[in-house]
Structures are given as C-alpha cells and as structure tokens.
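Down below is the structure, laid out as structure tokens.
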Amino acid sequence: MRDLIGDLINANISRRQFLAAMSAASFSTAAAQSALESVAPFIPGSDMPENFTRTVTGTGADLLVEQVLETGAEYLFVSNGSGLGPICDSLVDHPQLQLIQATHEGQLVAIADGYAKASGKTGFGMFSRVGLPHSSSNMYNAMKDRTPLVLFSDHADPDRMGTDSHEDLDDWLEAIKPYTKWRWTVHEPSRLPEWVRRAYKLASVLPGGPTHVRVPRDLLYQSNISANIFSGQALNIAMELRPDAREVERAARFLLESASPLLYVGPEVSQTGARAALVELAELLAIPVVQHRSFYADFPNFHPLYIGEVPAVQSYLNAYPAPIDCFINFGARYPNNWNYANTAVIHASVDPTTVGRNTPLASALVGDLNEVARALIEAVESLATPRQLESRTAARRAACSAHTAQVRASRLVAGSRVSGAPVPWQRLMYELNEQLEPDAVIVEELGTEQKTLGFFPFADDAKLKIGRTEGRALGWGVGASAGVKLALPDRQVVSLQGDGGFLFGQTDSLWTMSRYDIPVMTVVTNNRSYEETRWQIFNRQGRAGRANRDYVSYLGDPDVDFTKLAAAYDIRGAIVSNSDELRPAIAQGLRTLREGRPFMLDVRTRTLGAGAELSWYPDFSLADRRDRNV
Amino acid sequence: MKTNSRWGLTVAPVMAAAFLIPILASSQAPFPEGRARDAVFLVCTQCHPLTRITDNDLTAAEWEFTLYDMIARGAPLHEADLEAVRRYLIENFAVDEQ
Chain A
1 MRDLIGDLIN ANISRRQFLA AMSAASFSTA AAQSALESVA PFIPGSDMPE NFTRTVTGTG
61 ADLLVEQVLE TGAEYLFVSN GSGLGPICDS LVDHPQLQLI QATHEGQLVA IADGYAKASG
121 KTGFGMFSRV GLPHSSSNMY NAMKDRTPLV LFSDHADPDR MGTDSHEDLD DWLEAIKPYT
181 KWRWTVHEPS RLPEWVRRAY KLASVLPGGP THVRVPRDLL YQSNISANIF SGQALNIAME
241 LRPDAREVER AARFLLESAS PLLYVGPEVS QTGARAALVE LAELLAIPVV QHRSFYADFP
301 NFHPLYIGEV PAVQSYLNAY PAPIDCFINF GARYPNNWNY ANTAVIHASV DPTTVGRNTP
361 LASALVGDLN EVARALIEAV ESLATPRQLE SRTAARRAAC SAHTAQVRAS RLVAGSRVSG
421 APVPWQRLMY ELNEQLEPDA VIVEELGTEQ KTLGFFPFAD DAKLKIGRTE GRALGWGVGA
481 SAGVKLALPD RQVVSLQGDG GFLFGQTDSL WTMSRYDIPV MTVVTNNRSY EETRWQIFNR
541 QGRAGRANRD YVSYLGDPDV DFTKLAAAYD IRGAIVSNSD ELRPAIAQGL RTLREGRPFM
601 LDVRTRTLGA GAELSWYPDF SLADRRDRNV
Chain B
631 MKTNSRWGLT VAPVMAAAFL IPILASSQAP FPEGRARDAV FLVCTQCHPL TRITDNDLTA
691 AEWEFTLYDM IARGAPLHEA DLEAVRRYLI ENFAVDEQ
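Heads up: the sequence lines are chains A and B, in that order.
Here the working numbering is used: position 559 in the first sequence is 559, and no number is missing along the way.
Here the working numbering is used: position 83 in the second sequence is 713, and no number is missing along the way.
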C-alpha cells in the first residue's frame, strides 16, 4: 500500500487507478476509499480541506496536546513528575483533554490499558522520565495483548544527555524494546506532532501495542514553536484487508469436506469486531468452538456450539465421536501440545507474521477477521445449498448442543449447592451473576479466570469480559477496571481480584477511583493464599511438598482487611465471611455504585487442593534478633 | 493439622490431544465398573491423572465439595451423570471423619 500511496502522491497513477490497485491488493472498498481520503491533500492539484492541517504556534507541550486531541483522545492518564509542568500549562488552554491521575506509573499504564481494551481506542499516558521501569510490567502486559497505548515521558535536557547525570541513563529505550512496538526520543520540538502521529499510528494499527516517546523537558517548555497539526481524518486509515479470494475458497472447501471441524478463537476476533460474523459462520457449518486464553470472550460462552477450553474437547468428542480433521484458528495463538496429525489446519489472522508460525497450514487467511469470516460465509453458501449444509451438519449440531446444555446445567448446580464459611468461590460467582446487570462488565485478574468465569454469560448482548492479560504479570486488574469504567461509564463494572493479585501494588488505583468518583466494585476473593503457586509446589511432591512447608504461598499472616485499605481512600466496603452474607453485601455494593462511588467487597473464600490446610511459613522475626531494642 | 497430600487442583491443560489417547486404566481395581466410572474416567483425566482420586483421603463432604469445585472450574460433566458420580466418589473413595 505504501508504494501505491507514493505513486498517487507523485501523480504516477490516478485516483481511479489507485482504488483499482487497492482492490486488487485485497483491500475492501471502504479501506481503499478511506486511504484515498487520507492522502488526498497530498496529491498534486488537490484542494487541501480547510480543516485537514492547521499551523499551531506554542510551546512544545502545546504541540503535543494539540496533536493528541486531534486523534480523538478524551483522556490523558498521568502520574507525578516535574516533566508534567509544561503539560499542565498547556491544559489551561486545552480543557477538553481530561487528566486522570494515578499515583504510580504501573497503575497508570493499567488504567490506560483497561480504557483502550474497553473503548477500542488508543490510550494516552504520560509519566516521569524515571518512571519507565515502574511502567514496564503493565507495558509488557499491553504488548502481549497488542493493546494500543501511546506513553510519553519527559527526558533529560539536551545539554545533559549522555553525561550520566542524575535521573538519566544513556539508553532508556533499549530496556523496553521487547515491550513496545516503537519508541523514540524527540530532539527537535517542531517535529513533536510528527512523532505523536507516528506513535499513535503504530500503536493503533493491528496488531497494535504500546509505543513510547520521550521528550526533553526543556523542549516541552520551549515556546513560540510553529508546526503543522494534522486532523484526525489524516490519522485514521481503515484497514479492513480482505483475504485472498482463492485461499478463501480453498478454506471453504476444507470446511465443507470436514467430518469434524473445530473452531479455535482468540482475541483478534474481538479486536476486529468479528464476533457476530464468526457466530454466523459457526452456526452455518455447526462447528464447535474452543476459546483460546483471551482477555475477551471471543465467542458467546453460553452458545450451544461453545464447548469451552482445550481440555473440554475430549468430552465433546465423547458426545460426537469423530476425530477432529479440520482445525480453524481464528485470531489466536496456538494451543500447547495439540496433535495436528491428519488434520487440515486453517489459520486466519490480521498478522501475517503469526500465520503458520507453529504448524504447517492447509490454508492461510491473512486479513481483517470480520472480512475473513464474511468471505468464508459467502464462499460456503456459494458451494453448497442450504439442504446440503443441513444434511452435513445436523447430527453434529444436535450432538454438540445437547452436550453443552448438559455441561452448563451441571455447572449451575455446582454453583448453587455449595454454601457456608469460608465462602465457596463458585457460590460467589453464582450470586454475582444473579445480581449484576445483564450487561455488566467483568474485569478480572484471577488465577484460573476462564474457568472461574463460567457462571457469567458473555456475548455482545450480555455481559462483557475484559481480562486477564495474556502476559499475566499481576498488578493490572484494579487499575484496568477504572479505565474500563471510564470507557464505559453507563455499564456496571466489577473487578474480580485475588488477594494475592491485589497485593501486587494495586492499592494505588483505589486513590484514582476515589478521586474521580469512578464507581467500580472491587471484589477480592480473599483465600489468604497464592493458591496456584501452592498447587504447583505441592502437587509435585518435591522436598517442600513432602515436608508440608509452604514457603511462599500462605498470606494469612498478616490477615489483610481489604475494606480498611479501601477506607483509607474514603471507599466504603464490606467483609463477607459466610455465603449467607453474600446477597446483602453485593446489594450494598451495587447501591453504592449507583450513588456514584466505588466499593470494596472482601470475600473470605475457601481455599482447597494441595496444601490447603497449611498455615506454616518460614518463621522469622527481625525484632527477636536485635541486640538493641531500638 | 493433616499432613498427607491432598487433592491437587492444577488444571493446566495437559491435553496433548488427550482424546487420541485411550482412556486410562479401565480395568484398574479401585474403580468399580459402571456408568459413573466411565464418566469419571472421561472427565477427570482431561486435566489430571486418576491417582489424584486414589491417593487422597477426602471425607464425603470434602468429596462433594471437590466435585462441585471441579465442575465449576469447567470439568465438563453432564448434569445427567452428576448425582451418580457424586455417589460413586463418596461410596468408593471417601474416608471417615476423624
């Protein structure tokens, strides 16, 4: 496409030829037209739309803020740093950019990440030059999820760069190279808008990811700089790339000939807005669906064709005993250890670098997944009549539907029959689902999230799941839930946290929730343990397991009262110790949300499994070892 | 405090195309035959070996709680088999309350 745009700008081809060539290159008409409109002002002889670019004169910070606003940004997420001074000056004249402050760079990135995941827009943030290491854990999470973020910081002034002065390193950017799609240090203030545009473009084009731009503080303060600011229209090129038509037909034939296909879905489905089309495709061919680990629910999890995660395939095959002969990966990474013998593998992705990365393919479909799904539907319908489709799929549809209905029914029984103290976690989920709004948003950071969330129906017309991150670096969920609520202020938002996960420095985000009246209910499933860590250690029955020594997992001493942590930030809360207390406590929380304030629910849940009965941890008291009691 | 090893709940996907692997140990002595046994073999072995059942000493109440926990975490047991599996685990593997 870059060459085509170059030819257009250099008048080597006409607009009509440009559109025809884009179409031949598999771009949709909408994408080609959008690209044409975006570059139109640069075509010789074109009339530049009055509002396409404008010259702004001001400080470096003014240029940065003006260009950020042109992307359509509503919020700038910030944390403390003296480099924010020039931004604050600029905001006096740009009140339309709303600051949301965090008290820690890592939580700032989590808030921006949640906002971006929920809104589908790019999140913008800025922190101190020395805050980069703090930010990098959630920057890593965002990179694994390909979340579009543009993160700024200030930087050492040019006359001190490279001198190993205080608050500076010779190379800040090398450390975050694996966590960012692109990074840059600005040296020329008049080019600031250009770097903002580039950071935004590279962050937001799928597969997205964080970008980072460092700006020396004195460049942000420098005044009377003139530069062109580009309108948002110039920055948004639709990328609905269509898959190759021949590959689509090949794939459609594999699907039609398959006796037992399986659809494996991942986050690109949601990122490209392809969920509805994929449901249609699955229903057309009665293909059972397996969810890859994802921070979205990429297929309605209560759909009759949804069979769960990979381990659940075995039970489905007991209900419909035909070996999988066609595996369709739609926007996911590959499952671990899957046996592809005698299986035609089809992989559809927006990212050509991932297609076929781990296995040979029968068909590769590179393109926007909504376009891919629509093209496959069209191809299948052109190759088989409705009667032929029905005769090929009826038995599979019936078997899968009957199986999944039975599994969902037993799960509801399992959630409703347990009670008591400490609270069974599944009873908590059952009650939450009963009491939350039908379209509530669940933001979770639990150890086995896709299993523990089975009580919530997720779909475009039901609840929305956001989290856990693919990177799984703990310390994301509380901040992310604040960002989600900022993006979706009219939907109920509940953050599901483990006590261990919450203690990964997430108290900071309660400050942000409280300051800005962000009504999120944080539910801590407080089992006083890093449960999965304990299982891993004790199930192996190594020396620690055999000796019943829980060196790192037990969290019950000190026994943290999360409502007191919340109270320190003027957030109300409740402790639930028995399942009988769940309903009134949840109701209290939801009332508080309606009043516009956040709420903390500390649910003392039962832990079980290997080592559950242990409260041993290495005995150590520094106070007892002192020679002087000072 | 009990000192013996307890039921392990690790549900890491050890799929390895497990559906291609013959169901384990259909003639193993501790598992009396019947429809409930088939369901146990099918559902439980998807994530862990059968020794997690035989090597543990849960009471009847603990077995019931553990079964519901496993189902809630995604063990794809049919509702039609649930009661039979609950009774099967308790009758064959539960230990007395101490």
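Just so it is clear, CB atoms sit at the ideal spot from N, CA and C, and this is done for glycine as well.
#1: Just list the beta strand (DSSP E) runs in the region 280–307 of chain A, keeping only unbroken ones of 3 residues or longer that don't cross its boundaries, in chain order.
#2: Of the choices A:Phe330, A:Thr354, A:Ile324 and A:Ala112, whose alpha-carbon is the least far from that of A:Ala341?
#3: Using a Cβ-Cβ distance under 7 Å, would A:Val265 count as near chain B?
#4: Under 7 Å between the Cβ atoms of A:Met143 and A:Pro210?
#5: The region 679–707 of chain B: which residues have C-beta closer than 9 Å to a C-beta of chain A, in chain order?
#6: Check whether chain A comes within 7 Å of B:Glu727, counting only Cβ atoms and requiring the distance to be less than that.
#7: Alpha carbons only, please: which of A:Ser204, A:Leu4 and A:Gly58 is nearest the one belonging to A:Leu151?
#8: If you run the structure through DSSP and keep just helix, strand and coil, what is A:Glu445?
#9: Between B:Cys677 and chain A, is there a C-beta pair that is closer than 7 Å?
#10: Can you tell me whether A:Thr57 is buried or exposed, with buried defined as 16 or more other CB within 10 angstroms of its CB?
#11: Determine, for A:Arg411, whether the minimum Cβ-Cβ distance to residues of chain B falls below 7 Å.
#12: Residues in the region 310–326 of chain A with C-beta within 9 Å of chain E's C-beta atoms, listed in sequence order?
#13: Nearest chain B C-beta to A:Val407 closer than 7 Å, yes or no?
#14: Mapping DSSP to helix, strand and coil, what is A:Arg129?
#15: Is A:Val372 helix, strand or coil when you go by DSSP?
#16: Kindly indicate which three-state DSSP category A:Gly573 falls into: helix, strand or coil?
#17: Please determine whether the Cβ atom of A:Tyr334 lies at a distance below 6 Å from any heavy atom of the ligand HEM.
#18: Under three-state DSSP, which class holds A:Ile632?
#19: Going straight from the alpha carbon of A:Val418 to that of A:Val68, what length do you get?
#20: Thinking just about the alpha-carbon of each residue, which of A:Tyr306, A:Ala348, A:Tyr530 and A:Ala252 is nearest to the one in A:Cys633?
#21: Kindly indicate which residue of A:Pro207, A:Ala30, A:Asp218 and A:Gly467 has the alpha-carbon position closest to the one of A:Gly83.
#22: My guess is that A:Ile237 and A:Gly479 are in contact by the Cβ rule of under 8 Å, so how many angstroms apart are they, rounded?
#23: Where A:Ala274 and A:Pro438 are concerned, what is the direct C-alpha to C-alpha distance, given to the nearest angstrom?
#24: If the criterion is Cβ atoms closer than 7 Å, does the pair A:Ser495 and A:Gln107 meet it?
#25: Using the beta-carbon of each residue, which ones in chain B are nearer than 9 Å to A:Gln426?
#26: Are the region 376–388 of chain A and the region 278–285 of chain A touching by the rule of at least three beta carbon pairs closer than 8 Å?
#27: Quick check on DSSP: helix, strand or coil for B:Ser657?
#28: Going by Cα to Cα distance, which pick from A:Gly501, A:Pro424, A:Arg549 and A:Glu188 is closest to A:Thr534?
#29: Quick check: is the beta carbon of B:Leu672 nearer than 7 Å to any beta carbon in chain A?
#30: In whole angstroms, what separates the C-alpha of A:Tyr334 from that of A:Trp511?
#31: What in chain B is Cβ-close to A:Ala259, meaning under 7 Å?
#32: Just to confirm, are A:Val366 and A:Pro352 a CB contact at a threshold of 7 Å?
#33: On the three-pair Cβ rule with 8 Å, is the region 683–701 of chain B touching the region 411–431 of chain A?
#34: By the 10 Å Cβ neighbour count, where 16 or more other Cβ atoms means buried, how is A:Ser294 classified, buried or exposed?
#35: Kindly list the residues whose CB is nearer than 7 Å to the CB of A:Phe254, restricted to its own chain and excluding five residues on each side of it in sequence; keep chain order.
#36: Along the region 708–727 of chain B, where does the CB come closer than 7 Å to a CB of chain A? Name the residues.
Considering the structure as presented:
#1: 289–291
#2: A:Ile324
#3: no
#4: yes
#5: Arg682, Glu692, Glu694, Phe695, Thr696, Leu697, Tyr698, Asp699, Met700, Ile701, Ala702, Arg703, Gly704, Ala705, Pro706 and Leu707
#6: no
#7: A:Ser204
#8: strand
#9: yes
#10: exposed
#11: yes
#12: No chain E is part of this structure, whose protein chains are labelled A and B.
#13: yes
#14: helix
#15: helix
#16: strand
#17: The ligand HEM is not part of the structure shown, which contains no ligands of any sort.
#18: Nothing in the structure corresponds to residue 632 of chain A, since chain A is present only between 1 and 630.
#19: 51 Å
#20: No answer is possible for residue 633 of chain A: it lies beyond the span of chain A, which begins at 1 and ends at 630.
#21: A:Asp218
#22: That pair is no contact at about 31 Å.
#23: 22 Å
#24: no
#25: Tyr698, Asp699, Ile701, Ala702 and Arg703
#26: yes
#27: Caution applies to B:Ser657, whose pLDDT of 46 falls short of 50 and renders its modelled position unreliable; the value that the coordinates give is listed next. Coil.
#28: Rather than Thr, the amino acid found at residue 534 of chain A in this sequence is Arg. When only C-alpha atoms are compared, the closest one is A:Arg549.
#29: yes
#30: 39 Å
#31: Within 7 Å Cβ-Cβ: nothing; A:Ala259 doesn't reach chain B, min ~15 Å.
#32: yes
#33: yes
#34: buried
#35: Cys326, Ala344, Ile346, Ala362 and Ser363
#36: His708, Glu709, Ala710 and Leu712
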